[in-house]
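First comes the structure, then the notes that go with it.
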Amino acid sequence: MDDLKQRALDYHQFPKPGKLSVESSKPCATQQDLSLAYTPGVAEPVREIEADPANAYKYTNKGNLVAVITDGTAVLGLGNVGALAGKPVMEGKGVLFKRFADIDVFDIEVNAATPDEFIQTVVNIAPTFGGINLEDIAAPHCFYIENELKKRLDIPVFHDDQHGTAVIVAAALLNALDLQGKTLPRAKIVFLGAGAAGCSCAKLLKLMGANNITMVDRKGVLDTSRDDLHDNNRELAIAAGSVKTLADAMQGADVFIGVSAKNGLPPALVSSMAAKPVIFALANPDPEILPSQVFALRDDVIMATGRSDFPNQVNNALCFPYLFRGALDAQAKQITEQMKVAAAKALSQLAREPVPAQVLEAYQLQSLSFGKDYIIPKPFDPRLMEYVAGAVARAANAGE
635 MDDLKQRALD
645 YHQFPKPGKL
655 SVESSKPCAT
665 QQDLSLAYTP
675 GVAEPVREIE
685 ADPANAYKYT
695 NKGNLVAVIT
705 DGTAVLGLGN
715 VGALAGKPVM
725 EGKGVLFKRF
735 ADIDVFDIEV
745 NAATPDEFIQ
755 TVVNIAPTFG
765 GINLEDIAAP
775 HCFYIENELK
785 KRLDIPVFHD
795 DQHGTAVIVA
805 AALLNALDLQ
815 GKTLPRAKIV
825 FLGAGAAGCS
835 CAKLLKLMGA
845 NNITMVDRKG
855 VLDTSRDDLH
865 DNNRELAIAA
875 GSVKTLADAM
885 QGADVFIGVS
895 AKNGLPPALV
905 SSMAAKPVIF
915 ALANPDPEIL
925 PSQVFALRDD
935 VIMATGRSDF
945 PNQVNNALCF
955 PYLFRGALDA
965 QAKQITEQMK
975 VAAAKALSQL
985 AREPVPAQVL
995 EAYQLQSLSF
1005 GKDYIIPKPF
1015 DPRLMEYVAG
1025 AVARAANAGE
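My numbering applies: residue 635 is where the sequence shown begins, and numbers increase by one.
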């Protein structure tokens, strides 16, 4: 770990600090170039945009520019570290946007005393951008912030911690259930974690056909007898009854999805699940239960984590670059539920296709095919742009 720490710090510091830079997309080497880039030539696009704001997509980088914005209240698993300390993560997000979908990013870290102050800041700077990616904002404020911004802005607003996770989980779960001979409508699904990610995952799965979802948080099962629920998890509460604890919920469960914390799933509860279960232990960097613990108990499980050193990494990088790419290409005014479903189904389908040599080389593998250790595509699969961004753009255009 000490070696990893030093390598990570060196990576961020050298040869120059940070991970992002701004580069000119037009030549500026002659007097003529300068007269076009700035005065007097720049006045012409200004006049065109004043006459018709839609011309900003024609004459500026607005249509390929996303703001990655945080208040630093829920950064990775580190908690409320503050806006400035969250900047390395926002820069990292920018790197992934550029690397995977050729989208430019300005990372913006906002010191805001209240959610409304944060919202107003984003509204004030929104004309610059073609989309807003909210990142690492604590629940329940993240729900309110996203909903208010979606009402007030005419560009896509997307909280990746919620919806990016939901898309990837849905895609992976469709394939895992199919491999186990089960279906989404009939599966008994248990969530550990009812925050931003858990609620959004559950809601998307319900939209896609799931009928039996039990949510569990630190206080137990979310049911209608509890008076501490908020607007974003109340609709996921089940009828009050005898199922009160995680142990109760896990009896005969087909699926466990953990979006909580290290060691959140006691190994004994794995044994109480139904035959051929699916376990997604997605807490980072340490999952709710390690694959080695699961497979020591039973061998009929399909397992996924959020880590790259285990098979089936559920990674948001498979979603947000391509979701925004499709939305920007369609000049969508929002990211709809249909666009998210389209992204999930496209990812699910891609995992079933033959894996190209380029992917095998990137991961130093001899072979890879759809199965219990490969239920979701790899982030370096070059087909993601065509499959996912294309599906999102088509869904956006169909919804116009």
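Glycine is no exception: its CB is placed at the ideal position from the N, C-alpha and C atoms.
Burial state of Gly-940 (16 or more Cβ within 10 Å): Residue mapping note: residue 940 aligns to position 306 of the sequence shown, counting from 1. By the neighbour-count rule (16 or more Cβ atoms within 10 Å), Gly-940 is buried.
Reduced DSSP category for Glu-1035 - H, G, I as helix; E, B as strand; rest coil: Outside the shown range of the chain (635 to 1034) lies residue 1035, about which nothing can therefore be said.
Span of the alpha helix (DSSP H), counted from its first residue to its last, around Thr-799: The residue you call residue 799 lines up with position 165 of the sequence shown. First-last of the alpha helix (DSSP H) with Thr-799: 794-813.
Beta-carbon proximity list for Ile-1035, same chain, < 7 Å, skipping 5 on both sides: Outside the modelled stretch of the chain, which goes from 635 to 1034, sits residue 1035, for which no answer is possible.
C-beta contact flag for Val-803 and Ile-891 at 8 Å: Here residue 803 is taken as the residue at index 169 of the sequence shown, counted from 1. Here residue 891 is taken as the residue at index 257 of the sequence shown, counted from 1. Result yes, Cβ atoms of Val-803 and Ile-891 sit closer than 8 Å.
Beta carbon of Ile-789 nearer than 8 Å to that of Gly-765: Indexing the sequence shown from 1 puts residue 789 at position 155. Indexing the sequence shown from 1 puts residue 765 at position 131. A contact, by the Cβ cut-off of 8 Å.
Proximal residues to Asp-934 (C-beta, below 7 Å), its chain only, five neighbours per side dropped: By 1-based counting over the sequence shown, the position of residue 934 is 300. Ala-909 and Lys-910.
Proximal residues to Asn-1047 (C-beta, below 7 Å), its chain only, five neighbours per side dropped: Absent from the model: residue 1047. The displayed extent of the chain is 635 to 1034, so no value can be given.
Exposure label - Phe-763; buried when at least 16 CB within 10 Å: Position 129 of the sequence shown, counted from the start, is the residue given in the question as residue 763. Its Cβ being crowded by 16 or more others within 10 Å, Phe-763 is buried.
Backbone CA spacing between Met-842 and Leu-962 [nearest angstrom]: The residue labelled residue 842 in the question sits at position 208 within the sequence shown. The residue labelled residue 962 in the question sits at position 328 within the sequence shown. So the alpha carbons of these two residues sit roughly 24 Å apart.
Nearest neighbour of Val-744, chosen from Tyr-956, Phe-648 and Val-757 [CA to CA]: On the sequence shown, residue 744 is found 110 positions in, with the first residue counted as 1. It is Val-757 whose Cα lies nearest to the Cα of Val-744.
Backbone CA spacing between Gly-706 and Phe-958 [nearest angstrom]: Position 72 of the sequence shown, counting from 1, holds the residue named residue 706. Position 324 of the sequence shown, counting from 1, holds the residue named residue 958. Whole-angstrom Cα-Cα distance: 22 Å.
Distance CB(Ala-806)-CB(Cys-835) smaller than 8 Å: If you number the sequence shown from 1, residue 806 lands on position 172. If you number the sequence shown from 1, residue 835 lands on position 201. Not in contact: Ala-806 and Cys-835 (Cβ atoms no closer than 8 Å).
Leu-981, DSSP secondary structure in three states: Indexing the sequence shown from 1 puts residue 981 at position 347. In the structure shown, Leu-981 sits in a helix (DSSP, three-state: H, G or I).
Nearest-angstrom beta carbon gap, Val-824 and Ala-883 [assumed within contact, 8 Å]: The residue you call residue 883 lines up with position 249 of the sequence shown. The residue you call residue 824 lines up with position 190 of the sequence shown. The pair is a contact, with the Cβ atoms about 5 Å apart (cut-off 8 Å).
Beta-carbon gap between Gly-798 and Asn-950 smaller than 8 Å: One-based indexing of the sequence shown puts residue 798 at position 164. One-based indexing of the sequence shown puts residue 950 at position 316. Closer than 8 Å, so yes.
Candidates Pro-955, Ala-685, Pro-1016 and Ala-1027, of which the one nearest Met-973 by Cα: Within the sequence shown, numbered from 1, the residue matching residue 973 stands at position 339. Taking only the C-alpha atoms, the option nearest Met-973 is Ala-1027.
Of the listed residues Cys-833, Arg-868 and Val-904, nearest to Val-893 (C-alpha basis): Your numbering for residue 893 matches position 259 in the sequence shown. The residue with the shortest Cα to Cα distance from Val-893 is Cys-833.
Integer-rounded CB distance, given that Gly-898 should sit under 8 Å from Ala-917: What you label residue 917 is simply residue 283 of the sequence shown in a count that begins at 1. What you label residue 898 is simply residue 264 of the sequence shown in a count that begins at 1. Contact flag correct, Cβ pair sits at about 7 Å.
Under the three-state DSSP convention, the category Gln-666 falls into: By 1-based counting over the sequence shown, the position of residue 666 is 32. Gln-666: helix per DSSP, three-state reduction.
Rounded straight-line distance, which links the Cα of Ala-821 to that of Ala-708: Sequence index remark: in the sequence shown, residue 708 carries index 74 (1-based). Sequence index remark: in the sequence shown, residue 821 carries index 187 (1-based). Using only the alpha carbons, I get a separation of about 31 Å.
For Asn-767: DSSP bridge partner residues: For the purposes of this step, residue 767 is identified with residue 133 of the sequence shown, where counting begins at 1. Partner(s): Val-702 and Phe-792.
Residues bridged to Leu-826 (per DSSP): Taking the first residue of the sequence shown as position 1, residue 826 is located at position 192. The partner list for Leu-826 (beta bridge, DSSP) reads Val-850 and Gly-892.
Strand pairing of Thr-939, partner residues [DSSP]: As a position in the sequence shown, residue 939 is number 305, starting the count at 1. Its beta-bridge partners are Ala-915 and Gln-947.
Neighbour-count burial assignment, Cys-662, 16 or more Cβ in a 10 Å radius: Locating residue 662 in the sequence shown gives position 28, counting from the first residue. Exposed, because fewer than 16 other Cβ atoms sit within 10 Å of the Cβ of Cys-662.
The alpha helix (DSSP H) enclosing Ser-658, as first and last residue numbers: In the sequence shown, residue 658 corresponds to position 24, counting from 1. From DSSP, Ser-658 is part of no alpha helix (DSSP H); its letter is neither H nor E.
Proximity winner among Met-1019, Pro-955, Lys-878 and Tyr-997, relative to Leu-984 (alpha-carbon distances): Counting from 1 along the sequence shown, the entry for residue 984 is found at position 350. When each option's Cα is compared against that of Leu-984, the closest is Met-1019.
8 Å contact criterion, which Pro-901 and Ile-923 should meet: CB distance rounded: Here residue 901 refers to the residue found at position 267 when the sequence shown is read from its first residue. Here residue 923 refers to the residue found at position 289 when the sequence shown is read from its first residue. Contact holds; Cβ gap of about 6 Å.
Phe-792 versus Ala-688: straight-line alpha-carbon distance, rounded: To locate residue 792, count along the sequence shown from 1; it is residue 158. To locate residue 688, count along the sequence shown from 1; it is residue 54. Near 21 Å, if we compare the C-alpha coordinates of Ala-688 and Phe-792.
Local conformation of Tyr-672 per DSSP, three classes: In the sequence shown, residue 672 corresponds to position 38, counting from 1. It is coil, neither helix nor strand.
Straight-line Cα distance separating Gly-720 from Phe-740: Stepping through the sequence shown from its first residue, residue 740 is reached at position 106. Stepping through the sequence shown from its first residue, residue 720 is reached at position 86. If I take the Cα positions, the gap works out to 14 Å.
Whether Ile-779 touches Ile-771 by CB criterion (8 Å): Start at 1 with the first residue of the sequence shown, and residue 779 comes out as number 145. Start at 1 with the first residue of the sequence shown, and residue 771 comes out as number 137. Going by C-beta atoms, Ile-779 is nearer than 8 Å to Ile-771.
Exposure label - Glu-769; buried when at least 16 CB within 10 Å: For the purposes of this step, residue 769 is taken as the residue at position 135 of the sequence shown. So Glu-769 counts as buried.
Candidates Thr-858, Gly-829 and Lys-660, of which the one nearest Asp-1036 by Cα: This structure cannot settle anything about residue 1036, because the visible part of the chain is limited to 635 through 1034.
Cβ shell of Leu-730 (< 8 Å), same chain only, five flanking positions each side left out: The residue labelled residue 730 in the question sits at position 96 within the sequence shown. Excluding sequence neighbours, Leu-730 sits near Ala-951, Phe-954 and Pro-955.
Cα-Cα separation, Gly-728 to Ser-1003: Residue mapping note: residue 728 aligns to position 94 of the sequence shown, counting from 1. Residue mapping note: residue 1003 aligns to position 369 of the sequence shown, counting from 1. Computed Cα separation, rounded: 30 Å.
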